[in-house]
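Residue numbers (the numbering used here), protein chains in the order written: chain B, 81 to 504; chain W, 81 to 504. We treat Cβ as the ideally placed atom computed from N, Cα and C, and that holds for glycine. Everything below concerns the one structure shown next.
Number of protein chains: 2
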Amino acid sequence: MNYKIINGKLLVDEGHQIVIKEGDLYVRDKILSFIAPASEENFEVIDAKNKLIMPGLINMHSHAYMTLMRNYADDVEFSKWLFEGVMPVEDRLPAQAAYWSSLLAFSEMIRTGTTCFVDMHMYHRQSPLAAREAGMRGYIGRGLVGASLFEEGNPRFREALAEKEEFESDTLQFILSPHAIYSCGPGLLKEVAEQSRELGLLKQTHLSESITEVENCLKEHGKTPVEYLADLGFLDEQTILAHCVQMQGDDLDIIRNSGATIVTNPASNAKLGNGFAQAAEMVEKGINLCIGTDGAASNNTLNMFREMTLLSLIQKGIHHDPVSLPAETVVRAATVNAAKALGMKDRLGVIKEGAAADLIFLDLDTPSMFPANNILSSLCYSAGGSEVSTVMIDGKLVMRNRELLTIDMEKVYYEVNKAAETCL
Amino acid sequence: MNYKIINGKLLVDEGHQIVIKEGDLYVRDKILSFIAPASEENFEVIDAKNKLIMPGLINMHSHAYMTLMRNYADDVEFSKWLFEGVMPVEDRLPAQAAYWSSLLAFSEMIRTGTTCFVDMHMYHRQSPLAAREAGMRGYIGRGLVGASLFEEGNPRFREALAEKEEFESDTLQFILSPHAIYSCGPGLLKEVAEQSRELGLLKQTHLSESITEVENCLKEHGKTPVEYLADLGFLDEQTILAHCVQMQGDDLDIIRNSGATIVTNPASNAKLGNGFAQAAEMVEKGINLCIGTDGAASNNTLNMFREMTLLSLIQKGIHHDPVSLPAETVVRAATVNAAKALGMKDRLGVIKEGAAADLIFLDLDTPSMFPANNILSSLCYSAGGSEVSTVMIDGKLVMRNRELLTIDMEKVYYEVNKAAETCL
Numbered sequence: 081m082n083y084k085i086i087n088g089k090l091l092v093d094e095g096h097q098i099v100i101k102e103g104d105l106y107v108r109d110k111i112l113s114f115i116a117p118a119s120e121e122n123f124e125v126i127d128a129k130n131k132l133i134m135p136g137l138i139n140m141h142s143h144a145y146m147t148l149m150r151n152y153a154d155d156v157e158f159s160k161w162l163f164e165g166v167m168p169v170e171d172r173l174p175a176q177a178a179y180w181s182s183l184l185a186f187s188e189m190i191r192t193g194t195t196c197f198v199d200m201h202m203y204h205r206q207s208p209l210a211a212r213e214a215g216m217r218g219y220i221g222r223g224l225v226g227a228s229l230f231e232e233g234n235p236r237f238r239e240a241l242a243e244k245e246e247f248e249s250d251t252l253q254f255i256l257s258p259h260a261i262y263s264c265g266p267g268l269l270k271e272v273a274e275q276s277r278e279l280g281l282l283k284q285t286h287l288s289e290s291i292t293e294v295e296n297c298l299k300e301h302g303k304t305p306v307e308y309l310a311d312l313g314f315l316d317e318q319t320i321l322a323h324c325v326q327m328q329g330d331d332l333d334i335i336r337n338s339g340a341t342i343v344t345n346p347a348s349n350a351k352l353g354n355g356f357a358q359a360a361e362m363v364e365k366g367i368n369l370c371i372g373t374d375g376a377a378s379n380n381t382l383n384m385f386r387e388m389t390l391l392s393l394i395q396k397g398i399h400h401d402p403v404s405l406p407a408e409t410v411v412r413a414a415t416v417n418a419a420k421a422l423g424m425k426d427r428l429g430v431i432k433e434g435a436a437a438d439l440i441f442l443d444l445d446t447p448s449m450f451p452a453n454n455i456l457s458s459l460c461y462s463a464g465g466s467e468v469s470t471v472m473i474d475g476k477l478v479m480r481n482r483e484l485l486t487i488d489m490e491k492v493y494y495e496v497n498k499a500a501e502t503c504l
Numbered sequence: 081m082n083y084k085i086i087n088g089k090l091l092v093d094e095g096h097q098i099v100i101k102e103g104d105l106y107v108r109d110k111i112l113s114f115i116a117p118a119s120e121e122n123f124e125v126i127d128a129k130n131k132l133i134m135p136g137l138i139n140m141h142s143h144a145y146m147t148l149m150r151n152y153a154d155d156v157e158f159s160k161w162l163f164e165g166v167m168p169v170e171d172r173l174p175a176q177a178a179y180w181s182s183l184l185a186f187s188e189m190i191r192t193g194t195t196c197f198v199d200m201h202m203y204h205r206q207s208p209l210a211a212r213e214a215g216m217r218g219y220i221g222r223g224l225v226g227a228s229l230f231e232e233g234n235p236r237f238r239e240a241l242a243e244k245e246e247f248e249s250d251t252l253q254f255i256l257s258p259h260a261i262y263s264c265g266p267g268l269l270k271e272v273a274e275q276s277r278e279l280g281l282l283k284q285t286h287l288s289e290s291i292t293e294v295e296n297c298l299k300e301h302g303k304t305p306v307e308y309l310a311d312l313g314f315l316d317e318q319t320i321l322a323h324c325v326q327m328q329g330d331d332l333d334i335i336r337n338s339g340a341t342i343v344t345n346p347a348s349n350a351k352l353g354n355g356f357a358q359a360a361e362m363v364e365k366g367i368n369l370c371i372g373t374d375g376a377a378s379n380n381t382l383n384m385f386r387e388m389t390l391l392s393l394i395q396k397g398i399h400h401d402p403v404s405l406p407a408e409t410v411v412r413a414a415t416v417n418a419a420k421a422l423g424m425k426d427r428l429g430v431i432k433e434g435a436a437a438d439l440i441f442l443d444l445d446t447p448s449m450f451p452a453n454n455i456l457s458s459l460c461y462s463a464g465g466s467e468v469s470t471v472m473i474d475g476k477l478v479m480r481n482r483e484l485l486t487i488d489m490e491k492v493y494y495e496v497n498k499a500a501e502t503c504l
């Protein structure tokens, strides 16, 4: 289906600044265009009066399968959360439950304006299966652990490649996902770096999330986690580093020089007691900063609007500086910076001639957006996600006027509830 | 109208813990009861299947008239925000605009589950007029400044008393509201303390919001703002102190011993670069801690659910402690603690035999609340406010199934827009 979107206000990133423009926007063969086609015969008209149309948000770090564990293990110490809360559930959870849990995640993402997610999952085939069903754009990785990708008895890398083989499409891409330096040996991390180059795949890992991780790494290797990864040849422009809360010494410079991206997860980092990332310093250094929600077991929602607010407010509070991480910088982190990290500059995260049609429509006539004194500010400081009324991914409507078109919520609620009752 | 609410889950604070109960809840003559009346003839049945019914949230610090300035002066230094942003607008704003701006505030409060607010306003009659129209429960104060309540040419205290005379009712109460120690002389502050005792009125003020305020007070009086107010005889159980971000020395002990309440405003404090209040320490000391949004010019929303999340996450992050300010403590701060501060213990902020019927209904079948592993956690960590579907204040429905029943939003948008175009 082709669309002609009329009467809307368009959020357009012109590189030096983000501006609001008016005018018709066409979606032709899943691609955005400002140029009227020769014939508009096959174009459905969408009237976007009183709507802001902007690029869909990109959630750069998530674990969709964990959504079942939302609000399950809160207000407890980190080790209790992980070893008595999350991990025993993961052992009990049937793969099918991860599928329904992922669909629940995508329903929440779509309803709050996320059109693309980066995932690290633990259940073969379930995340891409659910993402394909929901019509989400995803960069999906099977979590890898152990000493080597090619160990006997460790099927994860094989499964990761099989998923790529089965599911790779215009909207689903795959990303090598070693879990962390404490769950992966140096051999495996080197192999991932090699495979990344050979296969032309992105790679992601959790890094410097907690003080304990950094202390242990210093003790064991005499290096910070960042130095350790750098020395293994892991850091380059194809690398996405989730968290980076505990940065020491030259860590930020090493990351900046490598061209790697940092994904900050303010809610999760605060909630688990890991603290606040130096996000403003990362931006000042010229590091490509993106935003993620992490999983629902540590956030406890997958709402990028809430995450944008948190990111900016926390930085302003830490630095006693109301100018720190302004709205425009934060909106860029959730859109164009993410596209850059994914190798999709000018194709994702923007409304631009030739970009993919990943769009969200927000109601401007809703209290939190009103009056529209500064729309960029409202996206960062007052929007809560529920202003999103219509969502298009890769040219396909997945929500229209708050009605989800690709996900049967009654079925999702039924199945997630059943799994929660059995496994939690 | 009397109501019988069936099939809902009720959030009941039993003092030692908050629990979820099932059972019918009656609203008879604006009062809650679990006891079936002799005849249910005049009771309308509300089916609350898949809903959580809880006491309405109490926003303990707001400036409803400022909602017009939402997203108006962001990402600028504090003095620029105040002297070039907010204050010139206040000078230009006609009183009528404050009325519409307040109605916009109440529409947002109701939609996000706030049933009662404490206000400090600047436009004679407009806040109570709008609150009465919207059916909000309010504790409203005309901002007081100057050397004395009884100065010639300063009509504010007279106006405050006239408002009380005109508007006082079951739902609208009045609160003496000297603006701050830097805008009120010591004589006025003493007079307010006397009038508070004589008239039996609560009093509120902004206190220790910024480092500059504390430094200036130390320079001028050789005391912290808290010590200064204590020495003026201002602090007692009738006192509500907004902000208290910059606490020094014995400040917290002085407040605890006085019985005064602190209202923390995490979004506003962070956003204006004032920092993070020591909220966890306040609770540990036994201070009655409540939550406010402050005005929309510094938040930039009036959503108590967002404020609860921020409060808890920021404290966990600061203290590197996932156990800091747990969900139950935060929910109490937004309900029963507020009722206590307002002298309405057991009558507001609780579902209890004989309490006022200020209730909110939340959809449990919505992604952010699902699965319902821990409802208290969801209120603090995953709810965003849009889960609120129905709101009752003083036994009257003001929103039903997301439809506002007391506020004509089209008119509000039209009038606020007109005022914004003229004054901003």
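* Asked: For W:Thr470 versus W:Gly215, is the C-beta distance shorter than 8 Å?
  -> no
* Minimum Cβ-Cβ distance from W:Phe356 to chain B less than 8 Å -> yes
* So what does DSSP say about W:Ile335, is it helix, strand or coil? -> helix
* Asked: Ordered along the chain, which non-local residues of its own chain (more than five positions away) have a Cβ less than 6 Å from that of W:Ala310?
  -> Ile334
* **DSSP-derived helix/strand/coil call for B:Gln326** => coil
* Does any C-beta atom of chain W lie closer than 8 Å to the C-beta of B:Leu132? -> no
* Can you tell me which of W:Ser249, W:His259, W:Glu248 and W:Ala437 puts its alpha carbon nearest to the alpha carbon of W:Arg236? => W:His259
* Does DSSP put B:Gly475 in a helix, a strand or coil? -> coil
* Which residues, taken in chain order from the stretch 150 to 180 of chain W, show a beta carbon closer than 8 Å to some beta carbon of chain B? -> Arg150, Asn151, Tyr152, Asp154, Asp155, Val156, Glu157, Phe158 and Trp161
* Hey, is W:Tyr106's beta-carbon within less than 8 Å of any beta-carbon in chain B? -> no
* To do: Provide the residue(s) that pair with W:Met384 in DSSP beta bridges, ordered along the chain.
  => Its beta-bridge partners do not exist; DSSP assigns none.
* Can a CB atom of chain W be found closer than 8 Å to the CB of B:Ile394? -> yes
* By how many angstroms is the C-alpha of B:Gln275 removed from the C-alpha of B:Asn379? -> 32 Å
* To do: State whether the stretch 150 to 157 of chain W contacts the stretch 439 to 457 of chain B, with contact taken as three or more CB pairs (one from each stretch) at a distance under 8 Å.
  => yes
* **B:Lys351 at chain W interface by Cβ criterion, 8 Å** => yes
* The beta strand (DSSP E) enclosing W:Asn82, as first and last residue numbers -> Asn82 to Ile86
* Asked: For W:Met202 versus W:Cys370, is the C-beta spacing smaller than 8 Å?
  -> no
* Asked: Which residues in chain W sit within 9 Å of B:Asn87, going by Cβ to Cβ distance?
  -> Those do not exist, as B:Asn87 stays about 17 Å from chain W at its closest Cβ, beyond 9 Å.
* **6 Å Cβ shell around B:Thr194 - same chain, five flanking residues per side excluded** => Leu137, Asn139 and Met384
* **Proximity to B:Gly329 [Cα-Cα], best of B:Leu352, B:Ile440 and B:Thr304** => B:Thr304
* **Closest Cα partner of W:Gly353 within the set W:Asp154, W:Ile115 and W:Ile111** => W:Asp154
* Please check if any C-beta of chain B sits within less than 8 Å of the C-beta of W:Phe114. => no
* Interface residues of the stretch 470 to 484 of chain W facing chain B [CB-CB below 8 Å] -> none
* **Own chain residues within Cβ distance below 8 Å of W:Gly165, not counting five before or after** => Met149, Tyr152, Ala153, Val156 and Ala377
* Contact under 8 Å by Cβ, W:Thr373 with W:Ser159 -> no
* Asked: Between B:Gly221 and B:Leu256, is the Cβ-Cβ spacing less than 8 Å?
  -> yes
* **Proximity winner among B:Asn417, B:Ser448, B:Asp488 and B:Ala463, relative to B:Cys196 (alpha-carbon distances)** => B:Asn417
* State whether the stretch 102 to 121 of chain W contacts the stretch 425 to 441 of chain W, with contact taken as three or more CB pairs (one from each stretch) at a distance under 8 Å. => yes
* Asked: In terms of alpha-carbon separation, which member of B:Asp199, B:Leu241 and B:Arg191 lies closest to B:Val343?
  -> B:Asp199
* Asked: Is the Cβ of W:Val363 closer than 8 Å to any Cβ of chain B?
  -> no
* Asked: For W:Leu187, which residues from the same chain have a beta carbon less than 7 Å from its beta carbon, with the 5 sequence-adjacent residues on both sides left out?
  -> Contrary to the premise, residue 187 of chain W reads as Ser rather than Leu in this sequence. Once the five neighbours on either side are set aside, the close Cβ partners of W:Ser187 are Leu484, Ile487, Met489 and Val492.
* To do: Please confirm if W:Tyr493 has its CB atom under 8 Å from at least one CB of chain B.
  => yes
* Three-way DSSP call (helix, strand, coil) for B:Gln358 in this model -> coil
* To do: For chain B, find out if any of its Cβ atoms is closer than 8 Å to the Cβ of W:Thr344; answer yes or no.
  => no
* Touching by the beta-carbon criterion (3+ pairs, under 8 Å), the stretch 466 to 480 of chain B and the stretch 388 to 397 of chain B -> no
* Between B:Asp401 and chain W, is there a C-beta pair that is closer than 8 Å? -> yes
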